[in-house]
Structure formats: structure tokens, C-alpha cells
Amino acid sequence: MNPLTLFARRFVAGERPQDAVRAGERLHAKGIKATFDKLGEDVLDREAAKRATDAAKDLLRLIPPGIERNISIKMSSMGQEISRDLCLENVSGILDVAREAGGFVRLDMEGSNLTQDTIETFHELRKAHENVGIVLQAYLHRTLEDVKEAVRRGDRVRLCKGAYKEPPNAALQDMAAIRRSFAACAHLLLEGGQYPAIATHDEAVIRDTIEHAKAQKVASSRFEFQMLYGLRRRRWEELVAAGHKVRIYVPFGTHWMPYFYRRMRERKENVAFVLKNLLGG
Ligand SMILES: Cc1cc2nc3c(=O)[nH]c(=O)nc-3n(C[C@H](O)[C@H](O)[C@H](O)COP(=O)(O)OP(=O)(O)OC[C@H]3O[C@@H](n4cnc5c(N)ncnc54)[C@H](O)[C@@H]3O)c2cc1C
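Using the working numbering, read the sequence shown as starting at 294 and increasing by one per residue.
1. Relative to ligand 1, is the shortest distance from any of its heavy atoms to the C-beta of His-548 smaller than 7 Å?
2. Can Ile-499 and Phe-518 be called in contact, C-beta distance under 8 Å?
3. For the beta strand (DSSP E) containing Asp-410, list its first residue and its last residue.
4. Does the Cβ of Lys-454 lie closer than 7 Å to at least one heavy atom of ligand 1?
5. Beta carbon of Ala-443: closer than 7 Å to some heavy atom of ligand 1?
6. Could you tell me how far apart the beta carbons of Ala-456 and Glu-559 are, in whole angstroms, since I believe they sit closer than 8 Å?
7. Does DSSP put Ile-387 in a helix, in a strand, or in coil?
8. Quick one: is Lys-367 buried, meaning 16 or more other Cβ sit within 10 Å of its Cβ, or exposed?
9. So, at 6 Å on beta carbons, what are the nonlocal neighbours of Ala-490 in its own chain, with the 5 sequence-adjacent residues on each side left out?
10. Does the Cβ of Thr-411 lie closer than 7 Å to at least one heavy atom of ligand 1?
11. Shortest alpha-carbon distance to Glu-337 belongs to which of Leu-379, Arg-315, Asp-467?
12. Looking at Tyr-554 and ligand 2, is the gap between the Cβ and the nearest heavy atom below 7 Å?
13. Do Gly-307 and Phe-545 have their C-beta atoms closer together than 8 Å?
14. Quick one, which of Arg-339, Asp-312, Ala-431 has its alpha-carbon nearest Phe-329's?
15. Using a threshold of 7 Å, is the CB atom of Tyr-488 nearer than that to any non-hydrogen atom of ligand 1?
16. Specify the secondary structure class of Ala-490 as computed by DSSP and reduced to three states.
17. Need the endpoints of the beta strand (DSSP E) that Leu-400 sits in, please.
18. Using a 10 Å radius around the Cβ and a threshold of 16 neighbouring Cβ atoms, would you call Gly-574 buried or exposed?
19. With respect to 7 Å, is the separation between the Cβ of Gln-311 and the closest non-hydrogen atom of ligand 1 below this value?
20. Under 7 Å from any heavy atom of ligand 1, does the C-beta of Gln-519 make it?
21. When you compare the segment 461-479 with the segment 423-440, are there three or more beta-carbon pairs, one atom per stretch, that lie closer than 8 Å?
22. Thinking C-alpha only, which one of Asp-439, His-494, Gly-485 is nearest Lys-510?
23. Closer than 7 Å: is that where the CB of Asp-401 sits relative to any heavy atom of ligand 1?
24. At 4 residues or longer, and completely inside the segment 309-361: list those alpha helix (DSSP H) runs for me, N to C.
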């Protein structure tokens with residue numbers, strides 16, 4: 294294992310699906326749920342898309358009974374950038390396996406060039422499948438409307454800020470504005486959404502969610518918080534102890550660089566952690 298791989302391990306559960314499942318079992322013992330993600334994105338040939346599809350199916354089958362069979366996938370690794378039909382066929386196959394296994398599949402959201410296609414493909418998949426959810430990103434100008442539509446349709450949404458570098462015509466650039474957009478979307482989802490997932494490490498956003506749910510008498514069983522593996526571990530347990538549902542996104546695999554890079558961009562403390570280790574601190 295090269296040294297950088299060692300540092301990525303703070304954010305990535307390991308290289309093999311078994312490593313991720315083991316992390317899931319450790320979380321489960323603490324009353325925390327997991328969603329498992331085999332890292333990989335932007336696949337441009339059919340064979341690689343097929344391999345990613347098969348890996349997602351194998352992962353669903355590997356998760357032992359007792360642990361929720363909940364995985365997250367990226368449409369760009371399932372052939373989205375090759376053809377919609379190919380992607381639909383691959384993801385439908387994964388959803389069939391998930392249905393047999395009593396599992397759930399979350400479609401991660403990627404760059405804004407893929408947003409419309411991801412939402413349309415999701416609507417297509419929803420015609421035949423219940424066990425699938427989408428992600429909406431609060432930084433996009435379009436998202437409040439997408440949230441309203443998701444509430445009307447009864448879609449399951451994970452709400453996050455958004456992790457990709459986007460131009461000002463597509464996305465808000467200022468953190469205060471992104472937080473306001475997040476709150477507006479989260480409030481709609483809490484009041485009328487289908488078991489929304491509030492995915493953030495941002496304490497202001499977490500507190501606003503808890504306060505809004507309380508004020509609107511939304512029971513804590515009707516939504517969940519989600520955070521990323523390796524970030525704010527103590528907070529996961531505090532939220533569970535306070536009666537909230539918490540799910541951790543557990544990535545694994547060898548293609549960790551783009552994921553790792555996004556985590557570095559988000560927070561200077563993450564960079565500081567890596568530098569400290571590189572310098573032997
Ligand atoms: C479960 C999950 C799934 C995701 N899925 C997607 C997806 O499909 N598509 C996508 O584009 N993005 C996704 N993201 C990433 C997301 O869009 C954000 O880029 C990422 O979560 C950073 O934003 P934040 O709200 O967590 O906090 P940030 O904006 O990074 O931080 C804001 C504030 O939160 C607090 N904070 C943050 N991290 C910590 C910490 N480690 N310790 C203490 N305080 C902290 C600090 O006060 C900080 O100033 C996902 C995130 C999660 C948690």
C-alpha cells in the first residue's frame with residue numbers, strides 16, 4: 294500500500310467490499326446505519342460499466358442479514374455518459390437484485406452537466422422500482438424546484454450542499470446563501486417529503502433541522518441524518534443517543550482519488566490532517 298493510500302484510509306473504509314462491511318458492522322453495533330459505496334466514476338466503456346454494475350450487485354448480496362442492504366452508486370460509473378439506455382439497463386438490474394435482497398439504492402448526484410439526465414433516469418426507474426432514492430444539491434439554483442417536485446412525487450431524497458466545482462450560473466458560490474438554500478429545501482422535505490436524509494456535517498444546519506422538526510412536530514423516525522465515514526464520529530453517537538437516526542456513507546475501493554480530492558477541497562482541516570501525517574507529525 295503506498296503512503297497516500299494510508300492517509301486516504303481516514304475517509305475510505307478499505308480496498309475490498311469486506312472491509313466496508315466490517316466497518317458497517319462496527320457502526321451497526323453502535324446503532325448507526327450505513328450506506329456502502331464502491332468508489333469509481335466517469336466510466337466511458339461498456340465493459341467497465343458492466344463491471345461496476347456487477348460489483349454493485351455483488352455488494353448487495355455480500356451485506357449480511359441484520360445490516361441494512363443500502364448502497365450508493367454513481368450513474369456515471371454505470372454507463373450514463375455512454376447512453377441512457379445502457380445506464381437504465383444496468384441500474385434496473387441492480388435495483389432488481391436490491392429488491393430480492395430487501396435493499397435500497399441511492400443514486401448519488403454528480404456534476405451539474407449530469408443533473409437533468411440523472412433526475413430523468415431516476416423518474417424512469419421509479420416507474421418500476423420503489424427501492425431507489427435520489428440526491429439533490431442545495432447549491433444548485435434549480436434545486437428548490439426539484440425538491441418541490443420530489444415532495445409532490447413522494448421521492449426519497451438525500452439533501453446535501455453539493456461537492457463539485459460549479460460555475461455561478463449553475464450554483465450559489467457563497468456559503469451563507471448555500472446554507473439558506475439548504476434550510477429552505479430541508480424544511481420542505483421534513484414537512485412533506487418521504488423519509489428525507491439530511492446529509493451534512495455542518496452544525497448550524499444540523500441544529501436548524503432539529504429545531505424545525507421539533508417546531509413542526511416531525512418525529513425523529515421520519516428522517517435521518519447522514520455523514521461521511523471518518524468525519525465527526527463523536528457527533529454520530531450524540532445524535533443517536535438523542536434519538537435521531539444516523540447513516541454513515543462508507544466508501545471503499547481503489548479508485549479513491551476523486552473522492553479524496555473533494556474531501557480535501559471542502560475543509561482545510563482535512564488537508565491539515567493529511568499534511569501532518571505526510572510530515573510525520
Ligand atoms: C452522506 C453524504 C452523502 C453525500 N452525497 C453527495 C452527493 O451525492 N453529491 C454531492 O455533490 N455531494 C455529496 N455529499 C457532499 C456534500 O455535498 C458536501 O460537499 C459535504 O458534505 C460538505 O458539506 P457540509 O455541509 O458537510 O459541511 P462543510 O460545508 O464542509 O462545513 C461547514 C461547517 O460544518 C462544520 N464541519 C464540517 N465538517 C466538520 C468536521 N469534520 N468536524 C467538525 N465540524 C465540521 C464546520 O463548522 C464547518 O465550518 C455528501 C455528503 C454526505 C454527508
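C-beta atoms are modelled at their ideal positions from N, C-alpha and C, and glycine is treated no differently.
Quick look at the numbers:
1. Distances from the CB of His-548 to the heavy atoms of ligand 1 are all 7 Å or more.
2. Against a cut-off of 8 Å, the Cβ pair of Phe-518 and Ile-499 comes out as a contact.
3. Counted as a single uninterrupted DSSP element, the stretch harbouring Asp-410 is not any beta strand (DSSP E) but the alpha helix (DSSP H) occupying residues 408-419.
4. Yes, the beta carbon of Lys-454 sits closer than 7 Å to at least one heavy atom of ligand 1.
5. In this structure, Ala-443 has its beta carbon at no less than 7 Å from each heavy atom of ligand 1.
6. At roughly 7 Å, the Cβ-Cβ gap stays under 8 Å, so Ala-456 and Glu-559 are in contact.
7. The answer is helix: DSSP assigns Ile-387 an H, G or I state.
8. With 16 or more neighbouring CB atoms inside 10 Å of its own CB, Lys-367 falls in the buried class.
9. The beta carbon of Ala-490 lies closer than 6 Å to those of Arg-451, Glu-517, Gln-519 in the same chain, with the five residues before and after it left out.
10. Thr-411 Cβ: outside cutoff for every heavy atom of ligand 1.
11. Rather than Glu, the amino acid found at residue 337 in this sequence is Leu. Ranked by Cα distance from Leu-337, the first of Leu-379, Arg-315, Asp-467 is Leu-379.
12. Among the ligands present in this structure, namely ligand 1, ligand 2 is not found.
13. Yes.
14. That would be Asp-312, whose Cα lies nearest to the Cα of Phe-329.
15. Distance from the C-beta of Tyr-488 to the nearest heavy atom of ligand 1 is not below 7 Å.
16. Strand at Ala-490.
17. Its beta strand (DSSP E) spans residues 397-400.
18. The predicted model places Gly-574 with a pLDDT of 42, which falls under 50 and marks its position as unreliable; any figure quoted below should be read in that light. Gly-574 sits exposed, since fewer than 16 C-beta atoms from the chains shown fall within 10 Å of its C-beta.
19. Flag unset: Cβ of Gln-311 not near ligand 1.
20. Within the chosen limit of 7 Å, ligand 1 reaches the beta carbon of Gln-519 through at least one heavy atom.
21. Yes: the two stretches touch, three or more of their Cβ pairs being nearer than 8 Å.
22. Per the Cα distances, Gly-485.
23. Yes, ligand 1 has a heavy atom inside 7 Å of this Cβ.
24. Counting only runs of 4 or more, we get 310-322, 339-355.
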